[in-house]
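Have a look at the structure below before the remarks.
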């Protein structure tokens, strides 16, 4: 019961739409501009670097705080990860946005930063290399999180493999439209204004 309560708290925490709040403070409805996504990439395209940086940090912290809650209450590796995933689900299906939301990349990275710091670093570096070479944020997410289960299996506990697989599945599911656009060659690049 304790872990269910923690998962619910994490879901609510993850549901806080940082990008939407920042955009609203600047008089912009983020759900009506750019890609209409609530994450840092759309904030970057629509509002610029500093609002995007604050959005990114806020979305990362949602995942980190969720895992910290699990650790504080002694949840153990599996439940810590599932509590962290609850924050990702909250971000993806926000209760404040009619169960719509973002792609969960930054929040997933926030989960990993405390749940599996070494693989979080690998995931970030892979994402960065792909983005710098292709300028596709979505492709960076798909490649880096696609390799996450392998990285967990090689460099961390196999107890965390289920959480890694679920996280990868969520990233892929939330990027279905991006995958279609990448295949068609119509995906927008990082920094490209809409």
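Residue numbers (our numbering): -18 to 175.
Where is the CB? At the ideal position from N, CA and C, for every residue including glycine.
Buried versus exposed, by CB contacts within 10 Å (16 or more), residue 91: By the 10 Å Cβ count, residue 91 comes out buried.
Backbone CA spacing between residue 149 and residue 141 [nearest angstrom]: Rounded to the nearest angstrom, the two C-alpha atoms are 12 angstroms apart.
Sheet register partners of residue 81 (DSSP bridge): For residue 81, which the question treats as bridged, DSSP gives the partners 75.
Given 8 angstroms, three or more beta-carbon pairs between the region 39 to 54 and the region 80 to 88: Contact holds: three or more Cβ-Cβ distances are below 8 angstroms.
8 angstroms contact criterion, which residue 119 and residue 159 should meet: CB distance rounded: Contact holds; Cβ gap of about 4 angstroms.
Residue 94 vs residue 133 beta-carbon contact at 8 angstroms: It is not a contact, given that the beta carbons lie outside the stated cut-off.
Residue nearest to residue -8 in terms of C-alpha spacing, selected from 117, 112, 81: Of the candidates 117, 112, 81, the one whose C-alpha sits nearest the C-alpha of residue -8 is 81.
Cβ shell of residue 127 (< 7 angstroms), same chain only, five flanking positions each side left out: Excluding residues within five positions, the ones whose Cβ falls inside 7 angstroms are 149.
Inter-residue spacing [alpha-carbon to alpha-carbon] between residue 125 and residue 107: Approximately 5 angstroms between the Cα atoms of the pair.
For residue -3, the nearest candidate out of 63, 77, -16, 5 (CA to CA): The residue among 63, 77, -16, 5 with its C-alpha nearest the C-alpha of residue -3 is 77.
Environment of residue 22 [buried if 16+ CB atoms lie within 10 Å]: Answer is buried; the Cβ neighbour count reaches 16.
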